[in-house]
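Student:
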Amino acid sequence: MASKPPTGDPIQDAPQVTPPEHAAAGLPAIGHTLRIAQQQMGVARTARTLLKVNQKDGFDCPGCAWPEGEKRHTAEFCENGAKAVAEEATLRRVTPEFFAAHPLADLATRSGYWLGQQGRITEPMLLERGAAPGGDDRYEPVSWEKAFEVIAEELTALDSPDEALFYTSGRTSNEAAFLFQLFAREFGTNNLPDCSNMCHESSGSALTETIGIGKGSVSLEDLHRADLIIVAGQNPGTNHPRMLSALEKAKTAGARIISVNPLPEAGTERFKNPQTPIGMFRGTALTDLFLQIRIGGDQALFRLLNKLVIETDGATDEAFIREHTHGYEDLAAAAKDADWDETLTATGLTRPEIEQALAMILASERTIVCWAMGLTQHKHAVATIREVVNLLLLRGNIGRPGAGVCPVRGHSNVQGDRTMGIFERPAPAFLDALDREFGITSPRGHGYDVVRSIQALRDGRAKVLFAMGGNFVGATPDTEVTEAAIRKAALTVHVSTKLNRSHAVTGRRALILPTLGRTDKDVQASGKQFVTVEDSMGMVHASRGNLAPASPHLLSEPAIVARMARAVLGSASATPWEEFERDYASIRERISRVIPGFEDFNAKVAHPGGFQLPHAPRDERRFPTKTGKANFTAAPVEYPRVPEGRLLLQTLRSHDQYNTTIYGLDDRYRGITGGRRVVMVNPADAAELGLADGSYTDLVSEWTDGVERRAPGFRVVHYPTARGCAAAYYPETNVLVPLDSTADVSNTPASKSVVVRFEPA
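With my numbering as the guide, the letters of the sequence shown map in order to residues 5 to 765.
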């Protein structure tokens with residue numbers, strides 16, 4: 005029998021700290037994971053559900069976007085994936101009676117953990133501020149027809165379509181995302197912010213400029229064939245655990261691995277693979293060289309490495325550079341200025357460490373660089389990723405088997421959503437194809453990304469926020485500014501499976517629209533449906549739920565978009581919205597005529613395991629850039645300068661967390677249990693600042709606008725971070741990230757570069 009959700013909110017300000025478990029990642033998770041799953045789903049439902057995760061005839065995990073190989077394990081999921089499935093397939097329910105017992109003021113005091121533990125939302129809910137009996141703001145049940153009437157009323161009352169914001173999370177399927185962007189553009193706006201704006205937008209910006217496509221160029225098989233894999237600014241053990249199996253396989257085949265990170269991480273130190281008997285008991289030491297870099301020093305590191313490669317006789321692939329690249333002379337000239345002393349200052353590394361990394365690079369014919377938020381969320385993030393590309397181009401490691409760029413996407417279909425047109429700055433060719441297919445005239449002006457959407461709400465230039473999944477309030481920076489901006493909206497709408505902070509911070513009116521999850525059966529008028537997703541390496545495949553929906557009142561995401569579109573656009577729209585809801589194959593047929601690579605979509609996706617999208621740099625060494633070649637770049641080297649008495653803070657996840665979803669209050673691999681308000685500080689830095697282990701402090705961020713942003717009551721944990729650096733969990737520390745502190749070009753929040761001072765709590 006599944007357990008009941010917690011009735012009170014757990015204390016989160018008194019964590020316990022034990023020595024971190026750096027010995028191994030993997031094995032301790034099995035029993036812990038099954039206990040959590042059984043608490044949510046019960047024993048029989050747990051077995052029936054988990055055995056369908058990431059299987060060819062099953063559903064795609066709602067967690068990370070890591071790909072599956074052709075051959076699948078019986079248990080093709082990781083610890084956090086199982087937790088994500090458990091929270092979606094839970095037997096717990098959030099009914100109208102729950103909302104009657106918990107007014108908005110009460111929900112606003114609850115932690116994200118508590119909200120997520122309450123279960124699946126069962127009916128559409130409407131909040132009319134100030135209209136509830138007794139003056140208390142409460143959500144009340146509403147029919148779907150009334151919900152769409154409210155949306156139509158608010159959207160058609162706007163002075164301009166650009167006063168509406170249509171946000172997408174990475175969980176949304178290809179079919180729903182395509183309909184969502186089609187509706188937004190038929191309505192008249194390109195305001196399509198998405199979670200990519202906050203994570204890998206920097207990757208897309210850098211890769212589009214340098215190789216011509218904003219996606220990674222490697223497959224899972226390439227990882228297995230690599231000679232050298234550099235994992236930079238990424239913690240696979242917590243954020244992409246199944247990647248550890250791929251690294252283990254590469255290691256067994258002879259690959260060497262360099263980890264570049266300000267914190268030591270259990271997963272890349274030793275991995276105990278629960279899928280194999282030897283792996284469970286002995287484990288595999290994955291990292292050959294750990295470069296404990298200072299936060300934000302990655303561009304300086306890669307620039308110096310590029311200088312050293314250029315200066316080494318025979319180290320560059322001259323034929324590749326001559327035939328396939330542009331701008332080599334500019335890079336070579338800039339690289340000459342790379343200075344050892346400045347690089348050591350920027351990185352905190354030693355000369356022997358960098359020389360060892362260089363030797364490993366020169367010994368490798370096939371090199372892959374993987375990265376995540378540790379590279380993308382800095383002011384100079386785009387320039388840093390360009391420098392990574394420079395290194396690969398110098399050695400001819402694009403378009404070669406076992407080599408290439410590997411930005412590791414965080415959410416299941418975040419890459420697919422962008423492929424489907426969820427982008428505030430769409431390519432003219434995409435809009436032309438969309439207009440031809442549907443007989444519409446899409447707007448050509450650029451829309452708002454996430455940061456600009458918040459600014460627009462703050463300034464009164466946007467009045468409606470419609471969020472297709474996700475936790476907009478919990479994921480975004482500058483919490484107090486963001487929440488104040490949201491409360492100015494006329495209407496906020498959230499398509500959701502379960503509760504999160506965004507449901508407690510609303511506009512004047514608010515709707516919660518409960519939807520089917522990945523685990524749920526989706527039956528429409530034409531029969532049982534499936535949806536599709538794209539993984540982090542460009543594989544597109546089907547996802548089929550196998551559970552009865554949590555409530556008969558749920559609608560699928562495609563159905564919600566289709567009904568909303570008809571309610572808002574009315575008979576003036578010639579788009580067959582009813583047909584799209586009735587049969588998702590009709591959506592895929594239209595996608596096949598609009599988006600390159602999806603020709604014969606329905607036939608291709610019928611193949612078990614799906615199909616791989618074309619990637620010109622990988623497949624043909626063809627680079628669709630403005631120059632027609634892969635572009636070397638030569639931006640000035642930047643790194644954060646931190647005033648004396650301050651540290652540079654990075655926000656990160658705990659092990660019991662996925663994005664903003666908190667599964668528990670422990671971070672087992674870092675030895676922290678029972679709480680999340682902790683700040684990890686190097687013992688030497690702590691001694692200089694007078695921060696005793698176990699003492700409590702307020703974190704105060706310092707930014708050029710002079711505004712004080714404070715996160716109170718954090719316990720100091722002495723932890724082996726890089727000198728001058730600190731780390732703490734988000735979303736608790738999102739309050740410290742200034743809205744205007746963003747990456748150049750991509751406008752991604754600089755959540756890994758926050759200058760903080762410490763004040764007694």
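We put the beta carbon where it would ideally sit given N, CA and C, even for glycine.
1) Can the beta-carbon of Arg-761 be found closer than 8 Å to that of Glu-692?
2) Please report the residue range of the alpha helix (DSSP H) in which Gly-241 lies.
3) Measure the beta-carbon distance from Ala-554 to Arg-97 and round it to whole angstroms, keeping in mind my assumption that it falls under 8 Å.
4) Within the region 642-684, note down every full beta strand (DSSP E) run reaching 3 residues or more, in order along the chain.
5) Among residues of its own chain, excluding the 5 on either side of Lys-467, which ones have a beta-carbon nearer than 7 Å to its beta-carbon?
6) Under 8 Å between the Cβ atoms of Ala-471 and Val-509?
7) Rounding to the nearest angstrom, what Cα-Cα distance links Asp-671 and Asp-660 in this structure?
8) Who are the near neighbours of Pro-644 in its chain, counting only those whose CB is closer than 6 Å to its CB and skipping five residues on each side?
9) When we look at the beta-carbon of Ser-147 and count the other beta-carbons within 10 Å, is it buried (16 or more) or exposed?
10) By DSSP, does Met-424 sit in helix, in strand, or in coil?
11) Can you grab the Cα-Cα spacing for the pair Phe-182 / Val-454, in whole Å?
12) What residue from Ala-460, Gln-44 and Ile-215 has the CA that sits closest to Asp-623's CA?
13) Just curious, the beta strand (DSSP E) that Gly-717 is in, first and last residue?
14) From this set, Gly-679, Lys-630, Pro-432 and Asn-663, which residue's C-alpha is nearest Leu-669's C-alpha?
15) Near Val-535, which residues of its chain fall below 6 Å by C-beta distance, leaving aside the five closest residues on each side in sequence?
16) In three-state DSSP terms, what is Gly-531?
17) Count Cβ pairs between the region 310-325 and the region 365-383 that sit closer than 8 Å; are there 3 or more?
18) Suppose the cutoff is 6 Å on Cβ atoms and the five residues either side in sequence are ignored; what does the same chain contact list for Asp-334 look like?
19) Using only CA atoms, which one of Ser-200, Met-202, Arg-229 and Cys-374 lies nearest to Asn-265?
20) Where does His-26 sit, in a helix, a strand or coil, going by DSSP?
21) In or out: Lys-75 buried (at least 16 other Cβ within 10 Å) or exposed?
22) For Lys-75, which of helix, strand or coil comes out of DSSP?
23) Assuming Ala-342 contacts Arg-298 under a Cβ cut-off of 8 Å, what Cβ separation, rounded to an integer in Å, is found between them?
24) Classify Arg-260: buried if its beta carbon has 16 or more other beta carbons within 10 angstroms, exposed otherwise.
25) Below 7 Å CB to CB, which residues in the same chain sit around Glu-25 once its five sequence neighbours on both sides are set aside?
26) Can you say whether Cys-729 is buried or exposed, counting buried as having 16 or more other CB atoms within 10 angstroms of its CB?
27) Whose C-alpha, out of Leu-211, Arg-456, Glu-158 and Glu-72, is nearest the C-alpha of Ala-620?
28) Whole-angstrom Cβ separation of Glu-132 and Pro-145, contact assumed at under 8 Å?
29) Does DSSP put Gln-44 in a helix, a strand or coil?
30) Do Asp-587 and Ser-530 have their beta-carbon atoms positioned less than 8 Å apart in this structure?
31) Whose C-beta lies closer than 7 Å to the C-beta of Arg-625 among residues of the same chain, with five residues either side of it excluded?
32) Along the chain, which unbroken stretches of the beta strand (DSSP E) at least 3 residues long are found entirely within the region 718-755?
33) Does the region 474-487 come close enough to the region 732-744 to have 3 or more Cβ pairs within less than 8 Å?
34) So, is Gly-318 buried or exposed, given that buried needs 16 or more other C-beta atoms within 10 angstroms?
35) Given Ser-590, which residues of its chain have a CB within under 8 Å of its CB, disregarding the five upstream and five downstream residues?
36) Looking only at its chain, what residues have a beta carbon closer than 6 Å to the beta carbon of Ala-715, apart from the 5 residues adjacent to it on each side?
Tutor: In short:
1) For Arg-761 and Glu-692, no; Cβs fall outside 8 Å.
2) Start and end: 240-243.
3) That pair is a contact at about 7 Å.
4) Listed in chain order, the complete beta strand (DSSP E) runs (minimum 3 residues) inside the region 642-684 are 651-656.
5) Around Lys-467: Leu-162, Glu-167, Ala-493 and Ala-494.
6) Ala-471 places its beta carbon 8 Å or farther from that of Val-509.
7) Cα to Cα, Asp-671 sits roughly 6 Å from Asp-660.
8) Answer for Pro-644: Gly-300, Leu-652 and Ser-757, listed in chain order.
9) Looking at its Cβ environment, which holds fewer than 16 other Cβ atoms inside 10 Å, Ser-147 is exposed.
10) In the three-state reduction of the DSSP assignment, Met-424 falls in the coil class, being assigned neither a helical nor a strand state.
11) Roughly 19 Å between the two C-alpha positions.
12) For the residues Ala-460, Gln-44 and Ile-215, the minimum Cα distance to Asp-623 belongs to Ile-215.
13) Here the beta strand (DSSP E) through Gly-717 covers 713-722.
14) Proximity to Leu-669 across Gly-679, Lys-630, Pro-432 and Asn-663 peaks at Gly-679, based on C-alpha coordinates.
15) Cβ within range, chain order: Ser-177, Glu-179 and Ser-547.
16) Here Gly-531 sits in strand by DSSP.
17) Taking 8 Å as the limit for Cβ pairs, the verdict is that the region 365-383 does touch the region 310-325.
18) Counting only residues of its own chain and dropping the five nearest sequence neighbours on each side, Asp-334 has a CB closer than 6 Å to the CB of Ala-638.
19) Of the listed residues, the one whose Cα sits closest to Asn-265 is Cys-374.
20) Any reading at His-26 is ruled out, since the residue's pLDDT is 43, under 50, leaving its predicted position unreliable.
21) Lys-75 should be labelled exposed.
22) Three-state DSSP puts Lys-75 in coil, outside helix and strand.
23) Rounded, the Cβ-Cβ distance is 17 Å, inconsistent with contact.
24) Label assigned to Arg-260: buried.
25) Reliability of the predicted coordinates at Glu-25 is poor, the pLDDT of 45 falling under 50, and the value obtained from them is presented with this limitation in mind. Within its own chain, the residues whose Cβ lies closer than 7 Å to the Cβ of Glu-25, once the five positions on either side in sequence are excluded, are Ala-270, Arg-672, Tyr-673 and Gly-675, listed in chain order.
26) Label assigned to Cys-729: buried.
27) Of the listed residues, the one whose Cα sits closest to Ala-620 is Leu-211.
28) Not a contact, Cβ separation roughly 13 Å.
29) Gln-44: helix per DSSP, three-state reduction.
30) Yes, the pair counts as a contact, with Cβ atoms nearer than the cut-off.
31) The beta carbon of Arg-625 sits closer than 7 Å to those of His-328 and Gly-403, all from its chain and outside the five residues before and after it, given in chain order.
32) At a cut-off of 3 residues, the continuous stretches assigned as beta strand (DSSP E) that sit fully inside the region 718-755 are 729-733.
33) Yes, the region 474-487 is in contact with the region 732-744.
34) Result: exposed.
35) Closer than 8 Å at the Cβ level, and outside the excluded window around Ser-590, lie Pro-580, Glu-583 and Phe-584.
36) The beta carbon of Ala-715 lies closer than 6 Å to those of Leu-703, Thr-737, Val-739 and Leu-740 in the same chain, with the five residues before and after it left out.
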